[in-house]
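Here is the structure we will look at, set down as structure tokens.
4 protein chains.
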Amino acid sequence: MQKRTADYGITVGEMPKGAMNKISDVPGVRVGHCTVDTESHKTGVTVVLPGENFIFSHKLPAAVYVLNGYGKSLGLMQVEELGSLETPIFLTNTLNVGLVHDAAVGIMLAEGARRGIEIASINPLVFECNDAYLNDIGERAVTAAHVAQAMETAEVDFREGDVGAGKGMSCHQLKGGIGSASRVFTLDQNEYTLGVLVLSNHGALHDLTIGGKAIGKMIETQRQAELREDKGSIILVYATDAPLTSRQLRRVIKRGAVGLARLGSFIGESSGDVMFGFSTGYSVSGADDILQISMVNEKKLDTIFRAAAECAEEAVLNSMICAERVVGYRGRMRESLVKYLALLGDS
Amino acid sequence: MQKRTADYGITVGEMPKGAMNKISDVPGVRVGHCTVDTESHKTGVTVVLPGENFIFSHKLPAAVYVLNGYGKSLGLMQVEELGSLETPIFLTNTLNVGLVHDAAVGIMLAEGARRGIEIASINPLVFECNDAYLNDIGERAVTAAHVAQAMETAEVDFREGDVGAGKGMSCHQLKGGIGSASRVFTLDQNEYTLGVLVLSNHGALHDLTIGGKAIGKMIETQRQAELREDKGSIILVYATDAPLTSRQLRRVIKRGAVGLARLGSFIGESSGDVMFGFSTGYSVSGADDILQISMVNEKKLDTIFRAAAECAEEAVLNSMICAERVVGYRGRMRESLVKYLALLGDS
Amino acid sequence: MQKRTADYGITVGEMPKGAMNKISDVPGVRVGHCTVDTESHKTGVTVVLPGENFIFSHKLPAAVYVLNGYGKSLGLMQVEELGSLETPIFLTNTLNVGLVHDAAVGIMLAEGARRGIEIASINPLVFECNDAYLNDIGERAVTAAHVAQAMETAEVDFREGDVGAGKGMSCHQLKGGIGSASRVFTLDQNEYTLGVLVLSNHGALHDLTIGGKAIGKMIETQRQAELREDKGSIILVYATDAPLTSRQLRRVIKRGAVGLARLGSFIGESSGDVMFGFSTGYSVSGADDILQISMVNEKKLDTIFRAAAECAEEAVLNSMICAERVVGYRGRMRESLVKYLALLGDS
Amino acid sequence: MQKRTADYGITVGEMPKGAMNKISDVPGVRVGHCTVDTESHKTGVTVVLPGENFIFSHKLPAAVYVLNGYGKSLGLMQVEELGSLETPIFLTNTLNVGLVHDAAVGIMLAEGARRGIEIASINPLVFECNDAYLNDIGERAVTAAHVAQAMETAEVDFREGDVGAGKGMSCHQLKGGIGSASRVFTLDQNEYTLGVLVLSNHGALHDLTIGGKAIGKMIETQRQAELREDKGSIILVYATDAPLTSRQLRRVIKRGAVGLARLGSFIGESSGDVMFGFSTGYSVSGADDILQISMVNEKKLDTIFRAAAECAEEAVLNSMICAERVVGYRGRMRESLVKYLALLGDS
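Next up, the structure:
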């Protein structure tokens, strides 16, 4: 079992957490990884499966929010128009998005065929960050076989850190990658969950702040300073079982930026920062002309907004704390945040 | 009774029309006018009442689509965020929007007080077109009393043409103003209505096309050509009793542009062209944390899109055909389209 | 030489046309096709090259407008954020977008390497329509070799109709595909051009209207009516040498919808209708911190708006008129519009 | 002279500040207040004058970013379409926006007349927060005379805290209001400034965090806890003399959210959080068809993004630290943050 943020005595926010404190606390959600780990390739693919049903026949309400659009994520346009999700969610490196998109099309067509559904149009969601520092990105090492393997190995209690799409990512110039967190809340006497999975690859070391302490500046004094750039990017994939409309989901996921800012980022220029969210609370597929659905009362969104901010902050920390030091392409290295956590006691 | 488009043998589209072929075919919707008609003032206010309930306590799903944002309509931001309507909809001239907004606040606060509801925040929707050609707009002739009168005289079978906010408007350099139309369609064996009210003030005479015939160019040969400018603007207010979400409403009202294009407009530059829509199919106000609502199956929107295009085209024609010739500020004149309709038989 | 709209005596609009009446009237713009034409495959790829320079090092101002987002076009997010174009523009079928994206990445990386530029991040623009009626789309017949060939054969005086990405497309239930048109206008005594290339695949036969005449309904009476659906989609790629900012380009390309409406479309529901535009008037790449650029005075956009509407209408007509009858997948057939043009004389 | 954030030993960010550390460090920018201060009225109007020229004839590039649209600010639509500013910027309370809009129209028309310019259409920008806690907002106490007075008394070295529109505002359940800050940076060897003026009225006491210390929770232990709600809203008006396009300005002002998050806000639900920005670097008014302008190289925006985040954080702190305790409507009270600043030394 991986040691996570709370295991180091770091508390993020005040809301109660889900059982695993992961996106998969939302019933039905699973996460799969396939890691490509050679001397020059540190990359991979991560997939979020939104539920047990065949998602193409059981579309879910969804939304996207582009915090900074300097990125190459694919499939957002249709989500913005229709407010729905019809495939799993794929994460990989910047130059592999086309290949992963094509692999996703293949997987969905094959699965459709197996179920007797002829699919002539499908909108895979493929998100990316740029792992070119640790990974020889130009060789586009992720293949369709890797995508299939990530799908097949999806599980509820998945790993975080330098795995899957996160293998080669950097966060605040330390090692980043995959992280997750969740929060629970009550609506009409029932408990609901909001969870997030992040692919972190943003931020300057100089700016890293944990619990209000400028740990990034402390680390800088311990080693030769690198160029201070808030480059890279971050993807946040939110899931909830609360019945939110696409419009409401967009309001919720927008609060992910709060978590990033609390860790010191100012949302740098050359960064593709994208939030995506879906709800398993109802499906928008159906045979009737008029569907009966639920929606959370707008007045009750405040708690879910708070949950979104807390989840983002803790998930990014988990992505760093669960990641081990990686040496990759051209001998470049990213150290694990864990090495420096003791500094938090020194301020 | 006013003679309308169909009374002149002009057919728009193919879908069945509502009983009155007006926005008020949507149950509960009423329209009120107050016209300011002096030698130099040709202006007024028109109000669309969305239903019998006190709208602030019974908010409705709503959406806005800005086709061309070169305008001064007020209150759109909150509709975009919350997807809901909490006041009647007001239409007036460009320089009176602030005063009408203030009057609307006063009316809503007073009505709230009468019902024991303390209102500390309210978002009136005030739309405008610029009637400066026929109206001495700088004097801002519309007052709070006019707004109150429009509210009080709202009725189901309202007048069109050069009334209310439409008194001084021009359309394709002829007389424009208020027009309306509606279409009906079936969902799960029940009949629903989509209706629209327009405030037309856009287009060059040169471009006016009716039923594919370039009547604008025919009229030009009959009189001294004016400057050919597609200036001015148009407001389209849609209502339906079909249960659409805010996102779906936005898709529907966007098709209003099709109606404008078919009449020859190319959506000129200096024009504030705004579509607004609301549904009476359900309310988003409620005491529970989770509301049970309906929504039209996305696959069934196609017919409603067609209805939106047809309604827009016919409503603009009604705004012109119901309008009489007006002579206003500085002796400027706008002729009625009716004078030239015979040309349609000559092509 | 192909016979085009004007060769059949059909006039669209009133503005003067460019020398070829194609997008390539904009200096530097070229278009390449690679057609895949087997018994069951009617598909391909078309590429628009924006200029003579290596576009990645010489980025151009650009904009996107999503009229209907029910589509899978890739790369729009970055254009919306940065307002710039850094690759050629690729068009293909819906299920091939991932593969073409990957091929485009490969081409750009190789070209970069040839020039000594290491590219670690690139945003190809890949647009699509769904040719599943005439093409066995599930087999994804377009390969990287086809993309390369389209690039290599790009020319100024390119073919229209059933070629390249247009091979399997349908428009108003007749044969559609690639079409183009251009208009010229004067700013400060200099002549500028706006051109468009369309990939047409939208509309119901029933609704087709040419020059105001309901030719679609006439054709219906001549043959067994099909299901009347305004499905499919359309892509419009605009180019101009007038120096427009990204915001201004977006205003211009939005007027493409006018051309579609005039031909009878009401912008149906299940359709991915996307406009894209770029200007060759200046580059946003440069070594200085502050760049000196030009921009068209906002007051002068009106004529360019009119040009955008006219170009769209004529380009769609060209896409139909230049296309021959195609029989494809499962023996399905799309007739050429040319067969029915004589009906226009009968009304 | 008012004591400000730095005077209490609190450091925000690391970039160099402008001479006054106010928005008016941008040459030409001035700020005027008119405060309404009676027993039950704690409100007013604040105006930002963008330069020495008559802004209607000398329009400036501008942008808006709506962080949370649950608000009533007026005039945003045209800014989004045209990317320009044509009036001063007005701030007031929620229910007075209509009246202030009307007053602004009057002032602009009169000023136009004085200069021989007939204005038939004008787009005032009126922003608001809700001061209903301390102010009897239903009486709409701000009049046209107050607006005129704010215009006339505009100055470079203006007051902050509980003045003008800020008189009745609350921030993190302490006293908020008007605050400002600025940062300087270098482009091509020349120094430029970014400044901001905020009207702060958001946040829960519980969440207030300064320099990473949870001062809000410390204050709570000292007094009876109130309901913890992140209600209210905030307006941020940015100015810069760096030549940014409208699109670039939007990217910059979006980073204001970072400053809010660092002070503990999670951007609560019922809040109208709006950023606005303009550049004095060039004008978009001109007689030529094609204007010659400058724009900052996109690669150089990173520093301006950092400046935007730092300015927002410090300006909100200034709005609280410069504000004195206010007792208002129905005897309600907001304490000054200054009373509690010593707690920052106790953690």
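Chains as they are written, first to last, in numbering that gives the first Met the number 0: chain A, 0 to 346; chain B, 0 to 346; chain C, 0 to 346; chain D, 0 to 346. We treat Cβ as the ideally placed atom computed from N, Cα and C, and that holds for glycine. From a predicted model like this one, the values you see are computed outputs, not experimental measurements.
query, result
"Contained beta strand (DSSP E) runs [length at least 3] in the segment 157-191 of chain B, N- to C-terminal order", "177-186"
"DSSP-derived helix/strand/coil call for residue 44 of chain D", "strand"
"Residue 196 of chain D (DSSP reduced to helix, strand or coil)", "strand"
"Chain D contacts made by the segment 187-205 of chain C, where a contact means CB separation under 8 Å", "187"
"Cβ-Cβ separation, residue 315 of chain B to residue 259 of chain B (assumed contact under 8 Å), whole Å", "7 Å"
"Ranges of the beta strand (DSSP E) found wholly within the segment 267-316 of chain A, counting only runs of at least 3", "271-278 and 289-295"
"Proximal chain A residues relative to residue 299 of chain B, where beta-carbon distance stays under 7 Å", "288"
"Beta carbon of residue 333 of chain C nearer than 8 Å to that of residue 75 of chain C", "no"
"8 Å Cβ cutoff, residue 314 of chain C in contact with chain B", "no"
"Buried versus exposed call for residue 298 of chain A [16 or more other C-beta atoms within 10 Å across all chains shown]", "exposed"
"Range covered by the beta strand (DSSP E) that runs through residue 232 of chain B", "231-239"
"Own chain residues within Cβ distance below 6 Å of residue 73 of chain B, not counting five before or after", "96, 100 and 125"
"Chain A contact for residue 295 of chain B (CB, 8 Å cutoff)", "yes"
"Which residues DSSP lists as bridging residue 350 of chain C, in chain order", "Given that chain C is displayed from residue 0 to residue 346, the structure contains no residue 350 of chain C and the question cannot be resolved."
"Below-8 Å beta-carbon distance, residue 46 of chain C vs any chain A residue", "no"
"Simplified DSSP state of residue 68 of chain C, which is helix, strand or coil", "strand"
"Three or more C-beta pairs below 8 Å linking the segment 194-209 of chain A and the segment 10-21 of chain B", "no"
"Interface flag, residue 71 of chain D vs chain A, CB-CB below 8 Å", "no"
"Min CB distance residue 162 of chain D to chain B below 8 Å", "no"
"Proximal residues of chain B, C-beta to C-beta of residue 257 of chain C below 7 Å", "260, 265 and 266"
"Beta carbon proximity, residue 16 of chain B to chain C, threshold 8 Å", "no"
"Within the segment 79-124 of chain A, ranges of the alpha helix (DSSP H) (whole runs, at least 4 residues)", "96-113"
"Sufficient close CB pairs (3 or more, under 8 Å) joining the segment 142-160 of chain C to the segment 27-36 of chain C", "yes"
"Partners in chain A for residue 211 of chain D, counting only beta-carbon separations shorter than 8 Å", "208, 210, 211, 212 and 213"
"CB of residue 79 of chain C within 8 Å of CB of residue 68 of chain A, strictly", "yes"
"Inter-stretch contact at 8 Å, needing at least 3 Cβ pairs: the segment 182-197 of chain A / the segment 293-310 of chain A", "yes"
"Residue 308 of chain A: contacting residues in chain D (beta-carbon distance under 7 Å)", "265"
"Residue 205 of chain B, enclosing beta strand (DSSP E) - first and last residue", "Per DSSP, residue 205 of chain B belongs to no beta strand (DSSP E) and is neither H nor E."
"Stretch pair the segment 284-292 of chain C + the segment 308-322 of chain B: three plus CB contacts closer than 8 Å", "no"
"Within 8 Å of chain C by C-beta, residues of the segment 52-76 of chain A in sequence order", "65, 67, 68, 69, 70, 71, 72, 73, 74, 75 and 76"
"Short-range partners of chain C found in the segment 236-254 of chain B, where Cβ spacing is below 8 Å", "250, 253 and 254"
"Close Cβ partners of residue 51 of chain A (< 8 Å) along its chain, the five nearest in sequence each way excluded", "27"
"Cutoff 7 Å; reference residue 135 of chain D; Cβ partners in own chain excluding five residues on either side", "39, 40 and 328"
"Extent of the continuous beta strand (DSSP E) run through residue 29 of chain B", "29-36"
"DSSP-derived helix/strand/coil call for residue 9 of chain D", "coil"
"Those residues which DSSP pairs with residue 325 of chain C across a bridge", "C/333"
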